[in-house]
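Each protein sequence line maps, in turn, to chains R and G.
The numbering of the first sequence is my numbering, which starts it at -1 and goes up by one.
The numbering of the second sequence is my numbering, which starts it at -1 and goes up by one.
Glycine included, C-beta positions come from ideal geometry on N, C-alpha and C.
Nothing here was measured: the structure is a model prediction, and the numbers come from that model.
Since the structure comes first, as C-alpha cells, the remarks are kept for the end.
2 protein chains.
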Amino acid sequence: MTSTKVIRLPQIKVACSECSLRSLCLPFGLDGEELERLDEIVKRPRPLQRSQRLYHPKDQFRSLYVVRSGSIKTYTTTSTGDQQVTGFHLPGELVGLDGVSTDEYSCTAEALETTSVCELPFFKLETLSGQIHGLQRQLHRLMSKEIIADQQLLLQLGKMSAEARVAAFLLSISARLQQRGFSATEFNLTMTRTDIGNYLGMAVETVSRQFTNFQEQAFIKASRKHIEIIDLNGIKRISGIMPCERTPQAKA
Amino acid sequence: MTSTKVIRLPQIKVACSECSLRSLCLPFGLDGEELERLDEIVKRPRPLQRSQRLYHPKDQFRSLYVVRSGSIKTYTTTSTGDQQVTGFHLPGELVGLDGVSTDEYSCTAEALETTSVCELPFFKLETLSGQIHGLQRQLHRLMSKEIIADQQLLLQLGKMSAEARVAAFLLSISARLQQRGFSATEFNLTMTRTDIGNYLGMAVETVSRQFTNFQEQAFIKASRKHIEIIDLNGIKRISGIMPCERTPQAKA
DNA sequence: CCGTAATATTGACTGATATCAATAGTTGAT
DNA sequence: ATCAACTATTGATATCAGTCAATATTACGG
C-alpha cells in the first residue's frame, strides 16, 4: 500500500439479475420487472470476517440473509454455557429463519470465513411477496426446503453409526457445493472438527478417527480442512448402512 | 343400535371462529371478516380412523392440514423398506409442510387414533395470504415454528443420553398438550414404543427400560400408553443433563 | 372364550463410542 | 523466530446402549 489513492475498480453492479445463485435463490422464476422490485429491497452489507456475527440470540428479527460467498455456522448456547451447533450455511442458503416465529433470533450466526451475504428485510419481503405471486411461492419453497432438508438429515443421523454419520455429513456438504457449481469431490471444510462433532452429536475424537478411517480405506484424502473425495460411491455406501434398524414392517 | 333411524344432532357449525385452537392456529390475529374468508377455503374431511393415511409419498402436494383432534405420525420409508418416523403431530399442529418445497409429499401421514383435521388448500391459502397480511404473517410464523421446534429437539437429542432423550420427549409432548389446554401431567401416548424409539433413534428395549427406570425413581407412573408425570421437575432435570458436552468456549 | 399377532417388558452379553490422556501440528501475535 | 493458544490426531479404558432371547401383556378376530 504505497499510495493513499484508492484504486476504483469499475463499479460492479451487484444485482440479483447478475447473481450466479439466482436459480437457487429467491429470484427464481421472476421476470425482469419483478426482479428489479426485489433488487430494490435487497441490501448487501459489507462482508463479515471470520468469527464475526451476523446476529445474536434475542436480537430483534428483521431480516433473512442469503449467503453469497463464504460460510456461516449457527448455534445456540445452552444455559450451562455450551454451544449447540444448529447448522452450516453455504452459498445460496438462507440464514435467519429461526427468527420468523418469535420475532427475535434464537441463535447466533457466525461467519466461518470471510463471508458476504444478501440481507432481505423480512417485512418488506412479505409485502412484496403479497404482490408477486412467484416470489411468495419461491419464498415458501425455500423456507420449507431449508428446514426440511436439515430435519431429514438430523433424523437419519439418529440411527446411524458414527462412521455413517460422518459419511452422510461429507455427502451433504458435497452435494450442496455441487448444486452451487463447486466441485463435489474437493473442498475445504471451513468448520472445525469440534463444530462437526458438536453438530453430529459425537466426540471430536470420533470425528477425527472417522476421517482417518476413511483415508485408510482410500475413500478420501484429508489434510486438515482440505478434503478430497476419491471414492464417492464408497462414501455413499457407508452413509447408507444403518446398522441399527430392524424391520419395522409397514402395516397394510 | 336398535333403530336404523339416524339421530341428527343439531348441526354444529364447524368454523374457525368457534374453534378452541384458534389462538394457536392460522386465524390468530384475524378480524371477523378475514376469518370468514379463511373459513371459506378450509375443508373439513371426515375423520380418519387409526392407521388411515392422510397422504403418501409422491402424492401431489395440494394442502396443508391442521390436526383438530387426535394425533398423526409422519414417516418416510427408506429404500430398504424400513420406516423413519419424522414426527408426531398433536392438535393445532401443521402437517404437510414436507410437500411445500417439491410439490409432492415426501412422507406418509398416518393417524395414530381417530383423528380429525382441517384441510387448507395451499394455493388458495397463498392467494388469500397475499391479500390478508395478518394471515401471511401467521402462516410464516407457523411454518417456521413447526419446523424449528422439531429441529431444536432433534439436535439436542443428538447429544443426549437415552435417559435424557426419553425425558425430553415426554416433556415435548407434555408441553405441547398443555398449550392446547390438555393436562401437562397425565396423557396417553398414542404412538407405540417402537415409534418412539424409531423417532428418538434408539432401540425399543431402551425406551421401555427408560420408562421403567423413571417409574422406579417415581418420576412417572406408566401403564402402557397411559402416562402420569409425578415429578415434572425431576423429568426436566434429567432431560437437561447432557453428559457429553465439554466446554466449547465461545470466542470473544 | 380362545388363539394368534402385536406390543411391551426384562435379562445377559457385547460392541461402539465417550472419556481421559498425551502428543503433534497450525496459526497468529510479538 | 518464538511462544502461546488453538486444533487435530492417536491410544487405552470404561460405559452406555444395541442386540439377541425369552417372557408377559394386550388387542382382536373367529
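Query, Result
"Cβ pair Ser61/G, Leu137/G closer than 7 Å", "no"
"Any chain R beta carbon closer than 7 Å to Gln177/G", "no"
"Beta-carbon separation (whole angstroms), Gly68/G vs Thr112/G, contact threshold 8 Å", "6 Å"
"N-terminal and C-terminal residue of the alpha helix (DSSP H) that Ala147/R is part of", "His131 to Lys157"
"Assigned secondary structure, Cys14/G (DSSP; H/G/I helix, E/B strand, else coil)", "helix"
"Selection of the segment 82 to 100 of chain G by Cβ proximity to chain R, strictly under 9 Å", "Gln82, Val83, Thr84, Gly85, Leu95, Asp96, Gly97, Val98, Ser99 and Thr100"
"Burial state of Asp148/G, where buried means 16 or more other Cβ atoms lie within 10 Å", "buried"
"Residues near Ile70/R in its chain [Cβ-Cβ closer than 7 Å; skip 5 each side]", "Leu52, His87, Val93, Ala107, Glu108, Ala109, Leu110 and Thr113"
"Collapsed DSSP secondary structure at Ile252/R in the structure displayed", "Outside the shown range of chain R, which is -1 to 250, sits residue 252/R, and nothing can be said about it."
"Candidates Thr75/R, Phe185/R and Glu32/R, of which the one nearest Tyr197/R by Cα", "Thr75/R"
"Rounded straight-line distance, which links the Cα of Ser127/G to that of Cys242/G", "Confidence at Cys242/G is low in this model, with a pLDDT of 35, below 50, so its placement is unreliable and no value can be given for it."
"Chain R within 7 Å of Asp148/G, Cβ atoms only", "yes"
"Anticipated Cβ contact below 8 Å, Leu151/R with Ile233/R, distance rounded", "Between Ile233/R and Leu151/R the Cβ distance is about 15 Å, and since that is not below 8 Å, they are no contact."
"Pairwise C-alpha distance: Thr190/R and Ile228/R", "21 Å"
"Distance CB(Ala165/R)-CB(Ser237/R) smaller than 7 Å", "yes"
"Under 7 Å between C-beta atoms of Arg39/G and Lys122/G", "The sequence given here has Ile at residue 39/G, not Arg. Yes; because the gap between Cβ atoms is below 7 Å, this pair is in contact."
"Proximal chain G residues relative to Glu124/R, where beta-carbon distance stays under 8 Å", "His131, Gln134, Arg135 and His138"
"Neighbouring residues, chain G, relative to Leu230/R (Cβ below 8 Å)", "Those do not exist, as Leu230/R stays about 18 Å from chain G at its closest Cβ, beyond 8 Å."
"Environment of Pro89/G [buried if 16+ CB atoms lie within 10 Å]", "buried"
"Of the listed residues Ile145/R, Ala216/R, Thr188/R and Gly132/R, nearest to Gln47/R (C-alpha basis)", "Thr188/R"
"Test item: CB-CB of Glu226/R and Glu161/R under 7 Å", "no"
"Among Thr125/R, Gly132/R and Pro55/R, nearest to Ile130/G - alpha-carbon criterion", "Thr125/R"
"Where Ala109/R falls: helix, strand or coil (DSSP)", "strand"
"Proximal residues to Arg174/R (C-beta, below 6 Å), its chain only, five neighbours per side dropped", "Leu88"
"Residue environment, Gly30/R, which counts as buried when at least 16 other CB atoms sit within 10 Å", "exposed"
"Start-to-end residues for the beta strand (DSSP E) that takes in Gly85/G", "Gln81 to His87"
"Beta strand (DSSP E) segment containing Phe185/R, residue limits", "Glu184 to Asn186"
"Buried or exposed by the 16-neighbour rule on C-beta atoms within 10 Å, applied to Thr72/R", "buried"
"Chain R contact residues for Leu155/G, given Cβ-Cβ distances below 7 Å", "Gly156"
"Beta carbon proximity, Leu169/R to chain G, threshold 7 Å", "no"
"Buried or exposed (CB count within 10 angstroms, at least 16 for buried), Gln50/R", "exposed"
"C-beta contact flag for Val202/R and Thr192/R at 7 Å", "yes"
"Short CB-CB distance (under 7 Å) between Met189/R and chain G", "no"
"Presumed contact (8 Å Cβ cut-off) between Val115/R and Tyr63/R, rounded CB distance", "4 Å"
"7 Å Cβ cutoff met for Leu28/G and Ser15/G", "no"
"Exposure label - Pro25/G; buried when at least 16 CB within 10 Å", "buried"
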